[in-house]
Amino acid sequence: MVKIDNIELPDFPLLLAPMEDVSDPPFRALCKEQGADVVYTEFVSSEGLIRNAAKSVMKLDIYEKERPVGIQIFGANLDSMLQTIDIVEKSKPDIIDINFGCPVKKVVSKGAGAGILKDICLMEKLTAEMVKRTNLPITVKTRLGWDHDSIRIVEVAERLQDVGCKAISIHGRTRAQMYKGNADWKPIAAVKNNPRMHIPVFGNGDVDSPEKAAEMRDSYGLDGAMIGRASIGNPWFFKQVKHYFKTGTYLPPISLEERVEAARRHLQMSIDWKGETLGVFETRRHYTNYFKGIPHFKEYRTKMVTSDKPEDVFATFDEVLDKFSGYEFTV
1 MVKIDNIELP DFPLLLAPME DVSDPPFRAL CKEQGADVVY TEFVSSEGLI RNAAKSVMKL
61 DIYEKERPVG IQIFGANLDS MLQTIDIVEK SKPDIIDINF GCPVKKVVSK GAGAGILKDI
121 CLMEKLTAEM VKRTNLPITV KTRLGWDHDS IRIVEVAERL QDVGCKAISI HGRTRAQMYK
181 GNADWKPIAA VKNNPRMHIP VFGNGDVDSP EKAAEMRDSY GLDGAMIGRA SIGNPWFFKQ
241 VKHYFKTGTY LPPISLEERV EAARRHLQMS IDWKGETLGV FETRRHYTNY FKGIPHFKEY
301 RTKMVTSDKP EDVFATFDEV LDKFSGYEFT V
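No gaps in the numbering here: position 327 of the sequence shown is 327 in the UniProt record's numbering, and each next residue is one more.
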């Protein structure tokens, strides 16, 4: 069993990573149904929250069926982050996660996200003060370091643990790498193998197959895997990994009918939550993966990602079922 504070999780839990415009309530619901053990919201700007920005406030919507669920926040100003804790608590999440890893320029330029990796003392202070502010478990998601020459993740993790962080998720790249090259899990294993560490250490980055998840567990000894890009348009990834862990074999391929039904539900839940315009627009990024592998699919994919009216997208789903009925996906 793995525990984040008093939250009990199964051995080697699978966590849905916080992803901007991806990890919203509709997608989290689908991933939860398919075996995600913990899900996180999109990251929420502390400055946006304290100014009551509509988009930031909307990201605090969480639902009972998602639990345990974490709300992830980012910022570099202590007063703003502490005010954010007070706001976030009202949504009653199970976990509050601090984003010390986002590499995007508009976040980093304000000293937030991975930008804070340049100031480990501030990183430690923010975490310590936020732990003092709430009874909810505070966790952290970060990267190996700012660049290859400044990797101090073993020390960083120890310092965050010592001020009360209850779990740490580490992406196996530096900020300088962005998402290029291969994730390096060896430094994450070094954190886990530090005899002073006693909180869960979760790995993130390049877990895109059941075998990779098994390698992270068996070869690197980590406590769990945080799944990001591999889940986009593929909420079944969690179920596939767990089946592989249990049996050593792959699940049968997800059928066309299941894929269309998931895409249909995903779109409808998105419309119900954020309205037609945003619901249609923000679900588009998933369709390529929902239907990945179908030959001569470009015409239908184009319709899905260019149609502005939900009825047109739903009609395209029907066309796909009719046109490709009987198509068998490979594993």
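We put the CB at the ideal spot given by N, CA and C, even for glycine.
Just so you know, these numbers come straight off a predicted model, no measurement behind them.
- If you check the CB distance, residue 235 and residue 262 come in under 8 Å.
- For residue 70, the uninterrupted beta strand (DSSP E) run begins and ends at 69-74, by DSSP.
- When secondary structure is reduced to three states using DSSP, residue 318 falls in the helix class.
- Remark: C-beta atoms of residue 205 and residue 183 approach each other more closely than 8 Å.
- If the five residues before and after residue 289 are omitted, its C-beta is found closer than 8 Å to the C-beta atoms of 232, 233, 234, all from its own chain and listed in chain order.
- Residues 114, 175, 178 of the same chain have their beta carbon placed closer than 6 Å to that of residue 103, with the five preceding and five following residues left out of the count.
- By the C-beta density criterion, residue 195 is exposed, having fewer than 16 other C-beta atoms within 10 angstroms.
- Sequence-distant partners of residue 153 (beyond 5 residues in either direction) whose C-beta falls short of 7 Å from its own C-beta, in its chain, are 144, 145, 170, 187, 191.
- For residue 171, the enclosing beta strand (DSSP E) starts and ends at 168-171.
- The continuous stretches of beta strand (DSSP E) do not include residue 179, and DSSP gives it neither H nor E.
- Leaving aside the five residues that flank residue 86 on each side, the residues in its chain whose CB is nearer than 8 Å to its CB run, in chain order, 133.
- Looking at the DSSP output, residue 233 bridges to nothing.
- Residue 18 is not a Cβ neighbour of residue 2, given a cutoff of 8 Å.
- Looking at the DSSP output, residue 8 sits in a beta bridge with 3.
- Look at residue 254 here: in three-state DSSP terms it is coil, with no helix or strand label.
- By the Cβ test, the region 21-35 is not in contact with the region 83-97, since fewer than three Cβ pairs between them sit closer than 8 Å.
- Here residue 193 is exposed, its C-beta having fewer than 16 other C-beta atoms within 10 Å.
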